[in-house]
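Accompanying notes for the structure given below.
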Amino acid sequence: MSKETMSFRVETFSNWQSFLEEAHPLLLENEAESNLIWEVGRVSAQNTSAARSWSGWLVEGDGKPLLAALPSVTGYLILSAGKDSACSALANHLSASSISLNGASGPEPVASSFAEVWQDIVGVSVKLGASLSFYSSSTNAEQKNSQQGFLRKACQQEAELLRGWAIDFGAESPRPMDPRSLTRLSQRMLGQGNLFVWEENEQIRAMGGFGRETPNGLVINMVFTPKNYRGRGFASALTAALAREAGRRGKEFCCLYSEFRSSIRPNLYEQIDFCLAGEFTERAFHT
913 MSKETMSFRV ETFSNWQSFL EEAHPLLLEN EAESNLIWEV GRVSAQNTSA ARSWSGWLVE
973 GDGKPLLAAL PSVTGYLILS AGKDSACSAL ANHLSASSIS LNGASGPEPV ASSFAEVWQD
1033 IVGVSVKLGA SLSFYSSSTN AEQKNSQQGF LRKACQQEAE LLRGWAIDFG AESPRPMDPR
1093 SLTRLSQRML GQGNLFVWEE NEQIRAMGGF GRETPNGLVI NMVFTPKNYR GRGFASALTA
1153 ALAREAGRRG KEFCCLYSEF RSSIRPNLYE QIDFCLAGEF TERAFHT
(Lines of atoms letter the chains of each structure in order from A and count residues from 1; the text may use other names and numbers.)
(Lines give C-alpha, C1' and ligand atoms only; values in the text may rest on other atoms or scores of the structure.)
Protein backbone atom coordinates (compact mmCIF):
# COMPACT_ATOMS: atom_id res chain seq x y z
CA MET A 1 0.00 0.00 0.00
CA SER A 2 1.42 3.39 -0.92
CA LYS A 3 2.26 6.12 1.53
CA GLU A 4 -0.41 8.25 -0.12
CA THR A 5 -3.07 5.63 0.57
CA MET A 6 -1.81 5.12 4.12
CA SER A 7 -2.53 8.80 4.85
CA PHE A 8 -6.22 8.37 4.02
CA ARG A 9 -8.86 7.51 6.59
CA VAL A 10 -12.19 5.90 5.70
CA GLU A 11 -15.13 6.52 8.01
CA THR A 12 -18.36 4.51 7.96
CA PHE A 13 -21.67 6.23 8.76
CA SER A 14 -24.98 4.74 9.82
CA ASN A 15 -27.24 7.73 9.14
CA TRP A 16 -27.60 10.41 6.49
CA GLN A 17 -27.38 13.45 8.75
CA SER A 18 -24.08 12.53 10.37
CA PHE A 19 -22.69 11.58 6.95
CA LEU A 20 -23.86 14.89 5.47
CA GLU A 21 -22.32 16.93 8.29
CA GLU A 22 -18.89 15.52 7.48
CA ALA A 23 -19.25 15.27 3.70
CA HIS A 24 -20.98 18.63 3.24
CA PRO A 25 -17.91 20.65 2.13
CA LEU A 26 -17.02 18.04 -0.50
CA LEU A 27 -20.59 17.64 -1.77
CA LEU A 28 -21.12 21.40 -2.04
CA GLU A 29 -17.81 21.93 -3.82
CA ASN A 30 -18.83 19.30 -6.39
CA GLU A 31 -22.57 19.78 -6.06
CA ALA A 32 -23.72 19.26 -9.63
CA GLU A 33 -21.45 16.28 -10.32
CA SER A 34 -22.44 14.67 -7.01
CA ASN A 35 -26.20 15.11 -7.45
CA LEU A 36 -26.80 11.34 -7.22
CA ILE A 37 -25.24 11.26 -3.76
CA TRP A 38 -27.60 14.02 -2.62
CA GLU A 39 -30.63 12.16 -4.01
CA VAL A 40 -29.75 8.60 -3.00
CA GLY A 41 -28.78 9.69 0.51
CA ARG A 42 -31.90 11.75 1.09
CA VAL A 43 -34.32 9.18 -0.33
CA SER A 44 -32.75 6.20 1.45
CA ALA A 45 -32.76 8.08 4.75
CA GLN A 46 -36.49 8.78 4.34
CA ASN A 47 -37.25 5.13 3.57
CA THR A 48 -37.78 3.91 7.11
CA SER A 49 -39.28 0.65 5.86
CA ALA A 50 -36.06 -0.45 4.16
CA ALA A 51 -34.92 -3.93 5.11
CA ARG A 52 -31.30 -2.92 5.55
CA SER A 53 -29.80 -0.19 7.69
CA TRP A 54 -28.49 3.03 6.19
CA SER A 55 -24.77 3.16 5.40
CA GLY A 56 -22.31 5.50 3.75
CA TRP A 57 -18.55 6.00 3.51
CA LEU A 58 -16.29 9.02 3.47
CA VAL A 59 -12.57 9.10 2.68
CA GLU A 60 -10.69 11.87 4.46
CA GLY A 61 -7.15 13.14 4.17
CA ASP A 62 -5.44 15.93 6.12
CA GLY A 63 -8.74 16.51 7.91
CA LYS A 64 -10.67 17.14 4.68
CA PRO A 65 -13.34 15.03 2.95
CA LEU A 66 -11.95 13.76 -0.34
CA LEU A 67 -14.43 11.18 -1.64
CA ALA A 68 -17.92 10.05 -0.63
CA ALA A 69 -19.83 6.89 -1.50
CA LEU A 70 -23.25 5.36 -0.87
CA PRO A 71 -24.76 1.97 -1.74
CA SER A 72 -27.76 1.88 -4.07
CA VAL A 73 -30.71 -0.51 -3.85
CA THR A 74 -29.33 -2.30 -6.93
CA GLY A 75 -26.05 -3.13 -5.19
CA TYR A 76 -24.05 -0.50 -7.05
CA LEU A 77 -21.72 1.92 -5.31
CA ILE A 78 -22.62 5.56 -5.99
CA LEU A 79 -19.48 7.73 -5.97
CA SER A 80 -19.20 11.46 -5.54
CA ALA A 81 -16.84 13.67 -7.45
CA GLY A 82 -13.58 13.96 -5.56
CA LYS A 83 -10.01 12.74 -5.46
CA ASP A 84 -9.53 9.65 -7.61
CA SER A 85 -6.37 8.93 -5.59
CA ALA A 86 -8.66 8.17 -2.63
CA CYS A 87 -10.30 5.24 -4.46
CA SER A 88 -7.70 2.72 -3.31
CA ALA A 89 -8.37 3.48 0.36
CA LEU A 90 -12.12 3.20 -0.15
CA ALA A 91 -11.89 -0.06 -2.10
CA ASN A 92 -9.59 -1.66 0.48
CA HIS A 93 -11.90 -0.60 3.31
CA LEU A 94 -15.01 -2.00 1.60
CA SER A 95 -13.25 -5.25 0.76
CA ALA A 96 -11.99 -5.65 4.34
CA SER A 97 -15.57 -5.01 5.54
CA SER A 98 -16.86 -7.81 3.23
CA ILE A 99 -18.99 -5.39 1.23
CA SER A 100 -20.25 -6.96 -1.99
CA LEU A 101 -20.80 -4.75 -5.04
CA ASN A 102 -22.62 -5.35 -8.32
CA GLY A 103 -20.98 -2.31 -9.89
CA ALA A 104 -20.06 1.34 -9.45
CA SER A 105 -21.41 4.61 -10.84
CA GLY A 106 -20.01 8.11 -10.71
CA PRO A 107 -18.22 10.96 -12.44
CA GLU A 108 -14.92 10.45 -14.17
CA PRO A 109 -12.10 9.88 -13.38
CA VAL A 110 -13.31 8.62 -10.00
CA ALA A 111 -15.57 5.86 -11.38
CA SER A 112 -12.92 4.29 -13.60
CA SER A 113 -10.26 4.58 -10.90
CA PHE A 114 -12.43 2.81 -8.33
CA ALA A 115 -13.39 0.06 -10.79
CA GLU A 116 -9.75 -0.59 -11.63
CA VAL A 117 -8.76 -0.89 -7.97
CA TRP A 118 -11.79 -3.04 -7.12
CA GLN A 119 -10.94 -5.36 -9.99
CA ASP A 120 -7.41 -5.81 -8.65
CA ILE A 121 -8.51 -6.39 -5.05
CA VAL A 122 -11.57 -8.59 -5.51
CA GLY A 123 -10.73 -10.22 -8.84
CA VAL A 124 -13.94 -9.30 -10.63
CA SER A 125 -14.29 -8.54 -14.32
CA VAL A 126 -15.52 -5.07 -15.20
CA LYS A 127 -17.91 -4.16 -17.98
CA LEU A 128 -18.64 -0.57 -18.99
CA GLY A 129 -22.37 0.15 -19.07
CA ALA A 130 -23.72 3.68 -19.32
CA SER A 131 -21.41 6.46 -20.45
CA LEU A 132 -23.06 9.87 -20.31
CA SER A 133 -21.96 13.42 -20.99
CA PHE A 134 -22.81 15.76 -18.14
CA TYR A 135 -23.98 19.33 -18.90
CA SER A 136 -24.58 22.26 -16.58
CA SER A 137 -25.93 25.79 -16.92
CA SER A 138 -26.28 28.73 -14.60
CA THR A 139 -29.89 29.77 -14.15
CA ASN A 140 -28.66 33.33 -14.67
CA ALA A 141 -27.43 32.53 -18.17
CA GLU A 142 -29.23 34.16 -21.07
CA GLN A 143 -31.05 31.18 -22.56
CA LYS A 144 -31.69 31.34 -26.29
CA ASN A 145 -35.28 30.75 -27.38
CA SER A 146 -36.96 31.76 -30.62
CA GLN A 147 -39.50 28.94 -30.56
CA GLN A 148 -43.22 29.66 -30.55
CA GLY A 149 -45.13 28.23 -27.61
CA PHE A 150 -44.69 28.12 -23.85
CA LEU A 151 -43.73 25.92 -20.93
CA ARG A 152 -46.33 24.82 -18.42
CA LYS A 153 -46.75 22.14 -15.76
CA ALA A 154 -48.22 18.88 -16.94
CA CYS A 155 -51.65 18.05 -15.55
CA GLN A 156 -53.23 14.79 -14.37
CA GLN A 157 -55.44 14.59 -17.47
CA GLU A 158 -52.25 14.16 -19.51
CA ALA A 159 -50.80 11.44 -17.27
CA GLU A 160 -51.60 8.51 -19.57
CA LEU A 161 -50.18 10.23 -22.65
CA LEU A 162 -47.01 11.22 -20.82
CA ARG A 163 -46.69 7.74 -19.37
CA GLY A 164 -46.51 6.46 -22.95
CA TRP A 165 -43.94 9.13 -23.83
CA ALA A 166 -41.84 8.05 -20.84
CA ILE A 167 -41.85 4.47 -22.13
CA ASP A 168 -40.89 5.68 -25.62
CA PHE A 169 -38.11 7.78 -24.07
CA GLY A 170 -36.58 4.67 -22.53
CA ALA A 171 -37.09 2.49 -25.59
CA GLU A 172 -35.26 4.96 -27.83
CA SER A 173 -32.32 5.37 -25.47
CA PRO A 174 -29.01 3.95 -26.75
CA ARG A 175 -29.11 1.87 -23.57
CA PRO A 176 -32.72 0.65 -23.15
CA MET A 177 -34.23 1.55 -19.79
CA ASP A 178 -36.74 -0.26 -17.60
CA PRO A 179 -40.22 1.03 -18.61
CA ARG A 180 -41.63 0.38 -15.14
CA SER A 181 -38.97 2.58 -13.52
CA LEU A 182 -39.60 5.30 -16.08
CA THR A 183 -43.37 5.30 -15.58
CA ARG A 184 -42.86 5.49 -11.81
CA LEU A 185 -40.47 8.40 -12.31
CA SER A 186 -42.88 10.26 -14.60
CA GLN A 187 -45.72 9.73 -12.13
CA ARG A 188 -43.59 10.97 -9.25
CA MET A 189 -42.46 14.03 -11.20
CA LEU A 190 -46.06 14.77 -12.19
CA GLY A 191 -47.33 14.39 -8.63
CA GLN A 192 -44.61 16.71 -7.29
CA GLY A 193 -45.24 19.40 -9.88
CA ASN A 194 -41.90 18.71 -11.55
CA LEU A 195 -43.09 17.42 -14.93
CA PHE A 196 -43.58 20.03 -17.67
CA VAL A 197 -44.72 20.14 -21.27
CA TRP A 198 -44.07 22.52 -24.16
CA GLU A 199 -47.36 23.65 -25.67
CA GLU A 200 -47.87 25.21 -29.09
CA ASN A 201 -51.20 25.90 -30.78
CA GLU A 202 -53.03 24.09 -27.96
CA GLN A 203 -50.99 20.93 -28.59
CA ILE A 204 -48.25 19.56 -26.35
CA ARG A 205 -45.09 18.96 -28.37
CA ALA A 206 -42.48 17.83 -25.84
CA MET A 207 -42.04 16.96 -22.18
CA GLY A 208 -39.33 17.15 -19.56
CA GLY A 209 -38.86 18.09 -15.96
CA PHE A 210 -36.84 17.92 -12.78
CA GLY A 211 -35.89 14.46 -11.56
CA ARG A 212 -33.48 15.27 -8.74
CA GLU A 213 -32.60 18.20 -6.50
CA THR A 214 -29.54 19.46 -4.63
CA PRO A 215 -29.40 22.45 -2.27
CA ASN A 216 -28.62 24.88 -5.10
CA GLY A 217 -29.57 23.02 -8.26
CA LEU A 218 -32.07 20.89 -10.15
CA VAL A 219 -31.39 17.95 -12.46
CA ILE A 220 -33.35 17.98 -15.73
CA ASN A 221 -34.64 14.59 -16.79
CA MET A 222 -36.81 12.84 -19.38
CA VAL A 223 -36.60 15.47 -22.13
CA PHE A 224 -38.58 13.87 -24.95
CA THR A 225 -40.21 14.92 -28.22
CA PRO A 226 -42.37 12.45 -30.18
CA LYS A 227 -41.02 11.60 -33.63
CA ASN A 228 -43.68 13.55 -35.53
CA TYR A 229 -42.70 16.77 -33.72
CA ARG A 230 -38.92 16.50 -33.97
CA GLY A 231 -36.59 18.84 -35.80
CA ARG A 232 -38.61 21.91 -34.87
CA GLY A 233 -36.74 23.05 -31.75
CA PHE A 234 -39.26 21.97 -29.13
CA ALA A 235 -36.77 20.05 -26.95
CA SER A 236 -34.33 22.98 -26.96
CA ALA A 237 -37.08 25.45 -26.11
CA LEU A 238 -38.38 23.27 -23.30
CA THR A 239 -34.92 22.75 -21.80
CA ALA A 240 -34.10 26.46 -21.91
CA ALA A 241 -37.43 27.22 -20.25
CA LEU A 242 -36.73 24.63 -17.54
CA ALA A 243 -33.47 26.42 -16.77
CA ARG A 244 -35.43 29.64 -16.30
CA GLU A 245 -37.96 27.80 -14.12
CA ALA A 246 -35.09 26.52 -11.94
CA GLY A 247 -34.02 30.14 -11.48
CA ARG A 248 -37.54 31.14 -10.46
CA ARG A 249 -37.38 28.41 -7.83
CA GLY A 250 -34.29 30.03 -6.37
CA LYS A 251 -31.75 27.60 -7.78
CA GLU A 252 -28.33 28.67 -9.04
CA PHE A 253 -27.82 25.98 -11.66
CA CYS A 254 -29.46 23.11 -13.46
CA CYS A 255 -27.79 20.12 -15.06
CA LEU A 256 -28.56 17.08 -17.17
CA TYR A 257 -27.11 13.95 -18.72
CA SER A 258 -26.96 13.15 -22.41
CA GLU A 259 -25.97 10.02 -24.35
CA PHE A 260 -25.71 11.93 -27.64
CA ARG A 261 -22.23 12.06 -29.16
CA SER A 262 -21.27 13.35 -32.61
CA SER A 263 -18.08 14.67 -34.18
CA ILE A 264 -20.16 16.41 -36.85
CA ARG A 265 -22.77 18.45 -35.00
CA PRO A 266 -22.97 19.86 -31.48
CA ASN A 267 -25.23 18.51 -28.78
CA LEU A 268 -28.51 20.47 -28.72
CA TYR A 269 -27.81 21.48 -25.11
CA GLU A 270 -24.59 23.23 -26.13
CA GLN A 271 -26.69 25.32 -28.49
CA ILE A 272 -28.68 26.74 -25.57
CA ASP A 273 -25.68 27.63 -23.39
CA PHE A 274 -25.30 24.43 -21.42
CA CYS A 275 -21.62 23.62 -20.93
CA LEU A 276 -20.06 20.19 -20.96
CA ALA A 277 -18.96 19.65 -17.36
CA GLY A 278 -17.67 16.08 -17.48
CA GLU A 279 -18.49 12.44 -18.00
CA PHE A 280 -20.51 10.02 -15.87
CA THR A 281 -20.05 6.27 -16.20
CA GLU A 282 -21.50 3.08 -14.82
CA ARG A 283 -19.62 -0.21 -14.63
CA ALA A 284 -20.88 -3.68 -13.74
CA PHE A 285 -18.77 -6.13 -11.73
CA HIS A 286 -18.90 -9.84 -12.54
CA THR A 287 -17.27 -12.68 -10.63
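Note that our numbering has the sequence shown beginning at 913, numbered continuously upward. Where a beta carbon is used, it is the ideal one built from N, C-alpha and C, also for glycine. No experiment lies behind these values; they were computed from the predicted model shown.
Checking 7 angstroms against the spacing of the C-beta atoms, do Arg1124 and Val1135 come in under that value? no
Residue span of the alpha helix (DSSP H) that contains Trp1077, given as start and end: Where Trp1077 is concerned, the enclosing alpha helix (DSSP H) stretches over 1071-1083.
Could you check what DSSP says for Thr917 in three-state terms: helix, strand or coil? A caution first: Thr917 carries a pLDDT of 44, below 50, which makes its placement in the model unreliable, though a value can still be read off. Assigned with DSSP and collapsed to three states, Thr917 falls in helix.
The alpha helix (DSSP H) that contains Leu982, what's its start and end? Run containing Leu982: none in the alpha helix (DSSP H); it sits in the beta strand (DSSP E), 976-983.
Considering only DSSP beta bridges, list what Glu1112 is partnered with. Gln1115
Going along the chain, which unbroken runs of the beta strand (DSSP E) with 3 or more residues stay wholly within the region 992-1055? 1015-1019, 1037-1050
Count the other C-beta atoms from every protein chain shown that fall within 10 angstroms of the C-beta of Val985, then say buried if there are 16 or more, exposed otherwise. exposed
Under three-state DSSP, which class holds Tyr1169? strand
Span separating the alpha-carbon of Asn927 from that of Arg954: About 10 angstroms.
In chain order, each alpha helix (DSSP H) run of at least 4 residues that lies wholly inside the region 937-963: 947-958
Met907 in three-state terms, based on DSSP: One cannot answer for residue 907 here, as it falls past the ends of the chain, which runs 913 to 1199.
Neighbourhood of Pro983 by C-beta distance below 7 angstroms, restricted to the same chain and skipping five residues each side: The answer, listed in chain order, is Ser967, Leu989.
Check whether the Cβ atoms of Gly1129 and Ala944 lie closer than 7 angstroms to each other. yes
Hey, quick one: how far does the beta strand (DSSP E) through Phe1062 stretch, first residue to last? 1062-1065
Beta bridge counterpart(s) of Asn1133 as assigned by DSSP: Beta-bridge annotation (DSSP): Asn1133 is paired with Gly1121.
In this structure, how does DSSP classify Gly1103 when only helix, strand and coil are distinguished? helix
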